[in-house]
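One structure is given below, encoded as structure tokens.
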Amino acid sequence: PAPIAQDHKRAYEGDKGPNTGGMGSYSDADHRLPFLTEGDFAGALQTMRQTVAAMASRGTPFKGVLYGGFMATKDGPKLLEFNVRFADPEAMNVLPIFEDEFLETCHGIAEERLPSSLRFAPRATVCKYVVPMGYGTHPRAGEQLKVDEDSIRTAGAKLFYASVDERAGHLYTTTSRSLAIVGIAATLGEAESISEEGLAFVAGSFYARRDIGKPEVIRQKVERMRKIREGR
6 PAPIAQDHKR
16 AYEGDKGPNT
26 GGMGSYSDAD
36 HRLPFLTEGD
46 FAGALQTMRQ
56 TVAAMASRGT
66 PFKGVLYGGF
76 MATKDGPKLL
86 EFNVRFADPE
96 AMNVLPIFED
106 EFLETCHGIA
116 EERLPSSLRF
126 APRATVCKYV
136 VPMGYGTHPR
146 AGEQLKVDED
156 SIRTAGAKLF
166 YASVDERAGH
176 LYTTTSRSLA
186 IVGIAATLGE
196 AESISEEGLA
206 FVAGSFYARR
216 DIGKPEVIRQ
226 KVERMRKIRE
236 GR
């Protein structure tokens, strides 16, 4: 399986505000999430494998990318949805650390000759989206963004464009997410810092959730899940 990543749907810091397409995501260097147990991981993986096996047993084998969205509960992971595509933004946590040949892997999927496991680098990743002001309710399109691509690269971050308009050599926001900055490092703390360094080289009227991947926020999530498991 690919590394597990947590998306952040709420528009504002502290998981407040309206739901969005996703404001950012993170994954730890062990390809897990700090607040999940090994039992959570095993339960979610079992659901995925049983689903694929059931499709094959019915003569309709699945070929492609199957993304399972789960919610952690005191009774274990609960499936919310399946998507037959890469998740957004989670793909930006997963694909940059994929160590096999991507095109060859896609051919392997189509031709049913994938190896038993795929290789991902043991790296932590933090992805933060730049979005137009008002995103989630009344996003403001047409605001100019200045993106210093060279400085972002020098900071060690990766830049992924999403939805921007280019006019006369300048970039402008649309009503959707504009671009993402991804930090990759040995630890979540380092990856988060790299993502923040990259964000410093984006200028204009925009919003980003700075709390994604912050050590204190992750500690709070771990404590919250501990209380949920204890029934509190």
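Under our numbering, residues 6 to 237 are what the sequence shown spells out, in order.
All C-beta atoms in this analysis are idealised placements derived from N, C-alpha and C, irrespective of residue type, glycine included.
Under 8 Å between C-beta atoms of residue i and residue j
i, j, result
"P8", "N98", "yes"
"S30", "P120", "no"
"A162", "E202", "yes"
"K133", "I189", "no"
"R128", "A34", "yes"
"F211", "T178", "yes"
"T52", "L85", "no"
"E109", "F125", "no"
"S200", "V136", "no"
"G141", "P66", "no"
"A191", "G218", "no"
"V227", "P39", "yes"
"T130", "S198", "no"
Nearest-angstrom Cα separation, counted from residue j out to residue i
i, j, result
"A205", "V152", "10 Å"
"A58", "M28", "33 Å"
"M60", "I114", "15 Å"
"E235", "R229", "10 Å"
"D20", "R231", "18 Å"
"H143", "A16", "12 Å"
"A208", "E148", "11 Å"
"S122", "L41", "22 Å"
"R63", "R54", "14 Å"
"F107", "K68", "15 Å"
"A167", "G26", "12 Å"
"E43", "E221", "22 Å"
"G174", "P101", "28 Å"
"R172", "T56", "46 Å"
Buried versus exposed, by CB contacts within 10 Å (16 or more), residue i
i, result
"D45", "buried"
"K239", "As displayed, the chain neither begins before 6 nor continues past 237, which places residue 239 out of reach and without an answer."
"G48", "buried"
"M76", "exposed"
"A160", "buried"
"D155", "exposed"
"A96", "buried"
"H36", "buried"
"H112", "exposed"
Contacts around residue i, its chain only, beta-carbon distance under 8 Å, and the 5 residues preceding and following it disregarded
i, result
"E18", "R214, R215 and D216"
"V169", "L150, L176, Y177, T178, T179, S183 and L184"
"H13", "D20, G27, M28, G29, S30, R214 and I217"
Close-in-space but distant-in-sequence residues of the same chain around residue i (CB under 7 Å, 5 per side omitted)
i, result
"A91", "Sequence inspection shows Phe at residue 91; the Ala mentioned does not correspond to that position. Cβ neighbours of F91 beyond the five flanking positions: V70 and Y72."
"L50", "P6"
"I223", "P39 and L193"
Residues of its chain near residue i, where Cβ-Cβ distance is below 6 Å and the 5 sequence neighbours each way are ignored
i, result
"N88", "Y72"
"G74", "L85 and E86"
"I157", "L164, G203 and F206"
"R145", "P137, M138 and G139"
"I233", "K79"
Worksheet item: What are the complete alpha helix (DSSP H) segments, minimum 4 residues, inside the stretch 184 to 220?
Response: Listed in chain order, they are 193 to 204.
Worksheet item: Hey, which unbroken runs of the beta strand (DSSP E) at 3 residues or more fall wholly within the stretch 157 to 187?
Response: Within the stretch 157 to 187, the runs of beta strand (DSSP E) that reach at least 3 residues and sit entirely inside it are, in chain order, 163 to 166, 169 to 172 and 175 to 178.
Worksheet item: Quick one: complete beta strand (DSSP E) runs, 3+ long, within the stretch 36 to 64?
Response: Within the stretch 36 to 64, no complete beta strand (DSSP E) run reaches 3 residues.
Worksheet item: Can you list, in chain order, the stretches of the beta strand (DSSP E) that have 3 or more residues and sit fully within the stretch 75 to 130?
Response: Annotation: the stretch 75 to 130 contains the following complete segments of the beta strand (DSSP E) (minimum length 3 residues), in chain order: 81 to 88.
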